[in-house]
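Peer 1: One structure coming up, written as structure tokens, with questions to follow.
Number of protein chains: 2
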Amino acid sequence: MKIAVLGTGGVGVAIADKLIALGHHVMMGARVARNEKAGEWAKSAGGNASNGTFADAIHFGELVFNCVLGAVAIEVLGSAGANGLDGKIVIDISNPLDFSKGMPPSLFVCNTDSLGEMIQRAFPKARIVKSLNTIAAPVMVNPAMIQGDHDVLICGDDASAKAEVTDILKNWFGWKSVVDLGDISGSRVTEAWVLFWVRIMMITGSPMHNIKVVR
Amino acid sequence: MKIAVLGTGGVGVAIADKLIALGHHVMMGARVARNEKAGEWAKSAGGNASNGTFADAIHFGELVFNCVLGAVAIEVLGSAGANGLDGKIVIDISNPLDFSKGMPPSLFVCNTDSLGEMIQRAFPKARIVKSLNTIAAPVMVNPAMIQGDHDVLICGDDASAKAEVTDILKNWFGWKSVVDLGDISGSRVTEAWVLFWVRIMMITGSPMHNIKVVR
Numbered sequence: 001m002k003i004a005v006l007g008t009g010g011v012g013v014a015i016a017d018k019l020i021a022l023g024h025h026v027m028m029g030a031r032v033a034r035n036e037k038a039g040e041w042a043k044s045a046g047g048n049a050s051n052g053t054f055a056d057a058i059h060f061g062e063l064v065f066n067c068v069l070g071a072v073a074i075e076v077l078g079s080a081g082a083n084g085l086d087g088k089i090v091i092d093i094s095n096p097l098d099f100s101k102g103m104p105p106s107l108f109v110c111n112t113d114s115l116g117e118m119i120q121r122a123f124p125k126a127r128i129v130k131s132l133n134t135i136a137a138p139v140m141v142n143p144a145m146i147q148g149d150h151d152v153l154i155c156g157d158d159a160s161a162k163a164e165v166t167d168i169l170k171n172w173f174g175w176k177s178v179v180d181l182g183d184i185s186g187s188r189v190t191e192a193w194v195l196f197w198v199r200i201m202m203i204t205g206s207p208m209h210n211i212k213v214v215r
Numbered sequence: 216m217k218i219a220v221l222g223t224g225g226v227g228v229a230i231a232d233k234l235i236a237l238g239h240h241v242m243m244g245a246r247v248a249r250n251e252k253a254g255e256w257a258k259s260a261g262g263n264a265s266n267g268t269f270a271d272a273i274h275f276g277e278l279v280f281n282c283v284l285g286a287v288a289i290e291v292l293g294s295a296g297a298n299g300l301d302g303k304i305v306i307d308i309s310n311p312l313d314f315s316k317g318m319p320p321s322l323f324v325c326n327t328d329s330l331g332e333m334i335q336r337a338f339p340k341a342r343i344v345k346s347l348n349t350i351a352a353p354v355m356v357n358p359a360m361i362q363g364d365h366d367v368l369i370c371g372d373d374a375s376a377k378a379e380v381t382d383i384l385k386n387w388f389g390w391k392s393v394v395d396l397g398d399i400s401g402s403r404v405t406e407a408w409v410l411f412w413v414r415i416m417m418i419t420g421s422p423m424h425n426i427k428v429v430r
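Same order as they appear, the protein sequences are chains A and B. Residue numbers 1 to 215, in the numbering used here, belong to the letters of the first sequence in order. Residue numbers 216 to 430, in the numbering used here, belong to the letters of the second sequence in order.
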């Protein structure tokens, strides 16, 4: 499959590397076509890897992974034009983190709204599925790095898009447990969970932890 | 021990019943001395049970369980006077839930502040320990009702108070795993978790679930 990975940070590279390993064609998108990190990644990742602008990547991808900072997510997703994402599944991994006051971050939207909802409202014909935003980058594509049962969370308004993403999470990335939190407003609770995740990280000194909903 | 339980709802009754079963002397506090629910509880719970106003209960208790609605918590805790809680451990189970727009609730304070912190600021000489606010009332005092490993969360500024409350959670209530989230600002993440808890409840139709931090 032709897949866009938006963002050149730890999340983007972890996702892109895994997709290449699975045999997919991946274009990593960045703000400029000659982004150094994206170029180096594409060079090292082999013949199925390429890089370009965010707009290039969105046009290329049949499926889009949003791995940019939450603060720029809507701008980046709109860079291929208002209709550039129409009909496409967007796996939104971004979080509305505000680091302006240092650690721990706060959220620039929360409680009665969320970044996932803002993105879905901004691109009403895109099929936004919020997932993976609650997990450290290497664990996203290798859940066995954390021992024991633990969950990846998913939410979105489009049931068939969620079914496809659930399949990706299970069969491409190896997740055994995908917890469906309903429509895209579930982003309110998964994005808020990230502050909990950060707190655990600050206390334990490690990002290698996750959540299990026990029921 | 002489213990105050503030509140006559499901949480107050679950906690008070358990404390009586453990042999403690419990006064259930309510807005008025002749509160019907508190009176009925005291009558049915035997000789170690009594009831009175919130102020009566606070004066009575060597230890205080705050089981009232978040919206009135500071008013209730202040009803014994500004210094009524000085030196006392207050186990704060309240959540800053706003039901004014129906279900699911939102939070009236979150992200960069929390009810736990507001209470600690309002009563600086009280030893506030936030805990149990993330769990259904019957499970608070009987964690084995949910099968498998799961956690109770705790935070607070006073280390010795947290140690005492940890002992209570483990040895009185039966919790095997108490996760310490640090100072009282940990309330931001445990109170926000409650929205996640509500979402799971609305999806599964059951309050019988909890969290496990897997690491």
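Just so you know, even glycine gets a beta-carbon here, dropped at the ideal spot from N, CA and C. Owing to the predicted nature of the structure, the values given are computational and were not obtained by experimental measurement.
If we cut at 8 Å on Cβ distances, does residue 321 of chain B have a partner in chain A?
Peer 2: The sequence position of residue 321 of chain B within the second sequence is 106, counting from 1. At least one chain A Cβ lies under 8 Å of residue 321 of chain B.
Peer 1: Shorter than 8 Å from the beta carbon of residue 227 of chain A to some beta carbon of chain B?
Peer 2: Examination of residue 227 of chain A is not possible in this model, given that chain A is present from 1 through 215 alone.
Peer 1: Compute the Euclidean distance between the alpha carbons of residue 331 of chain B and residue 166 of chain A, then round it to the nearest angstrom.
Peer 2: Within the second sequence, numbered from 1, the residue matching residue 331 of chain B stands at position 116. Within the first sequence, numbered from 1, the residue matching residue 166 of chain A stands at position 166. C-alpha separation (whole angstroms): 37 Å.
Peer 1: If you follow the alpha helix (DSSP H) that residue 68 of chain A is in, where does it begin and where does it stop?
Peer 2: If you number the first sequence from 1, residue 68 of chain A lands on position 68. Note, residue 68 of chain A: premise wrong, no alpha helix (DSSP H); not H, not E.
Peer 1: Output, in chain order, the set of chain B residues within a Cβ distance shorter than 8 Å of residue 148 of chain A.
Peer 2: Against the first sequence, residue 148 of chain A aligns to sequence position 148. Going along chain B in sequence order, the residues near residue 148 of chain A (Cβ under 8 Å) are 429.
Peer 1: Any idea which residues DSSP pairs residue 240 of chain B with across the strands?
Peer 2: Here residue 240 of chain B refers to the residue found at position 25 of the second sequence. B:217, per the DSSP bridge assignment.
Peer 1: So the candidates are A:96, A:112, A:203 and A:170; which of them puts its Cα closest to the Cα of residue 105 of chain A?
Peer 2: Within the first sequence, residue 105 of chain A is the residue found at index 105, counting from 1. It is A:96.
Peer 1: Which class does residue 278 of chain B belong to by DSSP, given the choice of helix, strand or coil?
Peer 2: In the second sequence, counting from the first residue as 1, residue 278 of chain B sits at position 63. Correct three-state label for residue 278 of chain B: strand.
Peer 1: List the residues of chain B whose Cβ lies closer than 8 Å to the Cβ of residue 208 of chain A, in chain order.
Peer 2: Here residue 208 of chain A refers to the residue found at position 208 when the first sequence is read from its first residue. Residues of chain B passing the Cβ test: 430.
Peer 1: Would you say residue 418 of chain B reaches chain A, if we count a Cβ-Cβ gap shorter than 8 Å as a contact?
Peer 2: Walking along the second sequence from the start, residue 418 of chain B turns up at place 203. Answer yes: the Cβ-Cβ gap between residue 418 of chain B and chain A drops below 8 Å somewhere.
Peer 1: Quick one: is residue 32 of chain A buried, meaning 16 or more other Cβ sit within 10 Å of its Cβ, or exposed?
Peer 2: Taking the first residue of the first sequence as 1, we reach residue 32 of chain A at position 32. The residue is exposed, with fewer than 16 neighbouring Cβ atoms inside 10 Å.
Peer 1: Along the stretch 405-417 of chain B, what residues have a CB closer than 7 Å to any CB found in chain A?
Peer 2: Flagged, chain order: 407, 408, 410, 411, 414 and 415.
Peer 1: Please identify the residue among A:125, A:89 and A:103 whose C-alpha is closest to the C-alpha of residue 163 of chain A.
Peer 2: On the first sequence, residue 163 of chain A is found 163 positions in, with the first residue counted as 1. Closest option to residue 163 of chain A, Cα to Cα, is A:89.
Peer 1: Would you kindly work out how many angstroms separate the C-alpha atoms of residue 426 of chain B and residue 43 of chain A, rounded to a whole number?
Peer 2: Here the question's residue 426 of chain B lines up with position 211 in the second sequence. Here the question's residue 43 of chain A lines up with position 43 in the first sequence. If I take the Cα positions, the gap works out to 42 Å.
Peer 1: So, are the CB atoms of residue 57 of chain A and residue 78 of chain A less than 8 Å apart?
Peer 2: If you number the first sequence from 1, residue 57 of chain A lands on position 57. If you number the first sequence from 1, residue 78 of chain A lands on position 78. No, they are not a contact pair.
Peer 1: Leaving aside the five residues before and after residue 394 of chain B along the sequence, list all residues of the same chain whose C-beta is less than 6 Å from its C-beta, in chain order.
Peer 2: Walking along the second sequence from the start, residue 394 of chain B turns up at place 179. Closer than 6 Å at the Cβ level, and outside the excluded window around residue 394 of chain B, lie 366, 368 and 428.
Peer 1: Quick one: Cα of residue 107 of chain A to Cα of residue 82 of chain A, how far?
Peer 2: Within the first sequence, the letter at position 107 stands for residue 107 of chain A. Within the first sequence, the letter at position 82 stands for residue 82 of chain A. Rounded to whole angstroms, residue 107 of chain A to residue 82 of chain A spans 26 Å at the Cα level.
Peer 1: Kindly confirm or deny that the stretch 283-293 of chain B and the stretch 328-345 of chain B touch, where touching means at least three C-beta pairs closer than 8 Å.
Peer 2: Yes: the two stretches touch, three or more of their Cβ pairs being nearer than 8 Å.
Peer 1: Can you list, in chain order, the residues of its chain whose CB lies under 6 Å from that of residue 3 of chain A, leaving out five sequence neighbours each side?
Peer 2: Translated into the one-based positions of the first sequence, residue 3 of chain A becomes position 3. For residue 3 of chain A, where only same-chain residues beyond five positions count, the Cβ hits under 6 Å are 19, 24, 26, 61 and 63.
Peer 1: CB residue 265 of chain B to CB residue 345 of chain B, shorter than 8 Å?
Peer 2: Sequence index remark: in the second sequence, residue 265 of chain B carries index 50 (1-based). Sequence index remark: in the second sequence, residue 345 of chain B carries index 130 (1-based). Contact flag unset, no.
Peer 1: To the nearest angstrom, how far is the alpha carbon of residue 46 of chain A from that of residue 98 of chain A?
Peer 2: Here residue 46 of chain A refers to the residue found at position 46 of the first sequence. Here residue 98 of chain A refers to the residue found at position 98 of the first sequence. Those two C-alpha atoms are separated by around 35 Å.
Peer 1: Measure the Cβ-Cβ separation of residue 306 of chain B and residue 269 of chain B and say whether it is below 8 Å.
Peer 2: The sequence position of residue 306 of chain B within the second sequence is 91, counting from 1. The sequence position of residue 269 of chain B within the second sequence is 54, counting from 1. Taking 8 Å as the Cβ cut-off, residue 306 of chain B and residue 269 of chain B do not qualify as a contacting pair.
Peer 1: Given this structure, state the Cα-to-Cα distance separating residue 340 of chain B from residue 301 of chain B, to the nearest angstrom.
Peer 2: As a working note, residue 340 of chain B is residue 125 in the second sequence. As a working note, residue 301 of chain B is residue 86 in the second sequence. Roughly 5 Å between the two C-alpha positions.
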